[in-house]
Every structure is written in structure tokens, then in C-alpha cells.
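Asker:
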Amino acid sequence: MGRWFESITAHHTLMFSKSHLKKNFSEFLTFYKNRPIKNNQSGMKIDHCYALFTLLKKIKPKYVIESGVWKGQTTWLIKNVLKNSKIFSIDIDLSQRDLIYKNVKYLEKDITKHNWSKLDKNKTLIIFDDHVCFSKRLNFIKKNKFKHIIFDDNLPNHHISYYTPKMIVENQYLVKKEFIKYSNFFRLIKFIIRIIKKDFERNTKINFFNRYIKITYPIKNNKNLKKNFDSFKKKVQIYYEFPPITKFNYKKRFIKILTNFKEFVPKNYKVKRPIFSNSETHLPKELKSELNVQYSNICYIKLN
Ligand SMILES: C[S@@+](CC[C@H](N)C(=O)[O-])C[C@H]1O[C@@H](n2cnc3c(N)ncnc32)[C@H](O)[C@@H]1O
């Protein structure tokens, strides 16, 4: 009973009232219209930038570690929202940057390869936007006693190939699928080599369709994984998914996968109610087109 209650309260943490999110939005829009990268393909767009903007203003961390820099749009956002914070921006490939700031400390390695012992963890926020499986971050977070985390691609099971905080708090075991188009020569060759080497585990399902191959890996739910997940969940004080700006549209969000891989079975899922109704938003065309296309339940986690 006690644990059930804990998980329910953790999932329903209310960090911002709807009226606050509505009011705050016009300040954000003025800010966002000045973004240096107008089309941040593969990076955060309007929904998640608004989430980050609002969360940073609330948490006010003294130190920010950003894992996943890409062109530098989120570095720009963090730097301009938190004028006095020390920023560490990490990417395994820093050559992709279009924006480089003198007073940001850049590191070209994985976050786990750096010594963070000097930072006060009560005043440090990590922003994970690096496409690394969250289960691979749990020991690092625990050992280093990090307490404030934002996780960007927080999709539910069946929609991403690695663990996210959402899957863990929802007690899910990852169903890992891979789609390989025959036209993707490089991936096709890799697949053939794996077949020749008998590299696939038992119970891996391989289906051949007209235009692509679908691989479904067996579910791994070993004791160690469960232990790590339980220990993480016990420490969760706040788990907050930031809502989308307008109503979540499953078809628009997953249009690519739904059209490219016809056998993909849509698994609609619950998303937080939007901040605005569609009739309430009067955005310019180029911003309207950014709505929804990337929304992935970006979340803030506060650990004990
Ligand atoms: C989605 S992009 C980041 C987008 C950026 N935050 C933005 O919104 O503009 C993901 C980035 O993660 C980087 N990446 C991949 N593995 C990484 C790792 N282990 N540590 C840090 N960055 C990594 C990639 O090189 C890529 O630049």
C-alpha cells in the first residue's frame, strides 16, 4: 500500500499550474523568436524548448551539465535563461556545433568519463539529450549523487529502442525493435554479417516485409536490471512530464514510422493534457509547424 501510494504521488506531481504555463508562454515566445538556429532539425523544437525554458527558471541550478549538444541550440537557451550559471556542454562529437560560446566548458567524451566530485549536486542539473539508454545512466547518477535530471526523449515502450525514465516509472521492460530498409545498403550489409556470424540471441524474431526487415529482440528482465530500477524508483521524489503546448497528435508525431513501416502497430498512449486548446494558440506559420512533431514527454526528475 505504502509503495503504491508513493508511486502514484510521484507520477502526479504538479510543478506548474496551467495558468502559469499559459502566462509564461508569451515571454518564452519573444525569447524563442530570437533563437539562432531557425530549423533545429534533430534537436529540440518549440515544445521541448518551452519545457526547458520553464524548468530552468523554476529549478535555477548553479551548474548545468548538458549531455548532447548537436548544433548548440540548447546551449544557447540555457546560457540565456541562466545568465550566472556555469555550463558544461558534452558531446562525443563537438565538430557538429554551429554555435560555440567562450564561457561554456565543452567536453568531448561521455558524461561518465569525467570527474564531477567538485560540483554541489543539490545545485546541479543534468540535461540528457544524447540518445543513450537511461538504464546505462542509473549507476552513474547513484554513485555521483546527482539529484536534478531532465530527460528529453522520454518516450514509452514500443516507440524507442532504449530505456527511458518513463518506461522505468511505468514498470515496463523494453521491447526493442529495429527496422532495416533494403535501400539502406550499409545497415543491410551489417545485418547480413550478423546473420552469418549467428550474432542474434535465441528468440529474436526476424520478419521480412516488402521494403524492410523488422527485428524484435527478446525482452531482457534480469535480476540486476530490476534491482537497479527498484533502487532508482525508491529515490524518485518528483517525476514530472512537461505537457505539450497543444493537443498531442499521435499520427503527426509518428508520421514517418507510420508511413515507412506499414506493419508498425500503433500503440497510442496517454499524454498530459495540453497547455492551450488549438483555438487559443495564434502562432506564426513557421512555429505552428514545429508543434507536436517532436514532443516526447520531456521530464524532470528530482531524486532524494
Ligand atoms: C538530439 S542531439 C542533441 C540536440 C541538442 N540538445 C539540441 O536540442 O539542439 C543528440 C546529440 O547527442 C550526441 N551524443 C551521442 N552520444 C553521446 C554521448 N554518449 N554523450 C554525449 N553526447 C552524445 C550526438 O552527437 C548528438 O549531437
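Quick note on the working numbering: the sequence shown kicks off at 23 and runs consecutively. Think of the CB as a built atom: it goes at the ideal place given N, C-alpha and C, for glycine as much as any other residue. Being a predicted model, the structure only gives us computed values, none of them experimental.
1. Count the other CB atoms, across all protein chains shown, that sit within 10 Å of the CB of histidine 70; report buried if there are 16 or more and exposed otherwise.
2. By Cβ distance below 6 Å, which residues in the same chain neighbour glutamate 200 in space, the five residues on each side in sequence not counted?
3. Near glutamate 223, which residues of its chain fall below 8 Å by C-beta distance, leaving aside the five closest residues on each side in sequence?
4. Do you know whose CA, among Glu88, Phe207, Val287, Ile133, lies nearest phenylalanine 162's CA?
5. So, are the CB atoms of serine 111 and aspartate 152 less than 7 Å apart?
6. Please report the residue range of the alpha helix (DSSP H) in which glutamate 88 lies.
7. Check leucine 36 in the structure and name its three-state DSSP category.
8. Ordered along the chain, which non-local residues of its own chain (more than five positions away) have a Cβ less than 7 Å from that of glutamate 28?
9. Taking a contact to mean a Cβ-Cβ separation below 7 Å, would you say asparagine 179 touches valine 154 in this structure?
10. To the nearest whole angstrom, what separates the beta carbons of leucine 121 and tryptophan 98, a pair I think is in contact under 8 Å?
11. Say yes only if the C-beta of lysine 103 is nearer than 6 Å to one or more non-hydrogen atoms of ligand 1, and no if none qualify.
12. Taking threonine 368 as the reference, which of Ile267, Phe173, Lys278 has the closest Cα?
Answerer: Taking the geometry as given:
1. Around the beta carbon of histidine 70, 16 or more other beta carbons sit within 10 angstroms, so the residue counts as buried.
2. The residues are Ile237.
3. Only Tyr239, Pro240 meet the Cβ criterion.
4. Of the candidates Glu88, Phe207, Val287, Ile133, the one whose C-alpha sits nearest the C-alpha of phenylalanine 162 is Ile133.
5. No, the Cβ-Cβ distance between serine 111 and aspartate 152 is not below 7 Å.
6. Note, glutamate 88: premise wrong, no alpha helix (DSSP H); beta strand (DSSP E) at 85-89.
7. Judged by DSSP in its simplified three-state form, leucine 36 adopts coil rather than helix or strand.
8. Caution is warranted here: a pLDDT of 41 is assigned to glutamate 28, below 50, making its placement in the model unreliable, and the coordinate value is therefore given only provisionally. Cβ-Cβ distances below 7 Å link glutamate 28 to nothing in the same chain once the five nearest sequence neighbours on each side are left out.
9. No; because the gap between Cβ atoms is not below 7 Å, this pair is not in contact.
10. Correct: roughly 6 Å between the Cβ atoms.
11. The question names lysine, but residue 103 is valine in the sequence shown. No - ligand 1 has no heavy atom lying nearer than 6 Å to the Cβ of valine 103.
12. Within the shown structure, residues of the chain are numbered from 23 to 326, placing residue 368 beyond reach of any answer.
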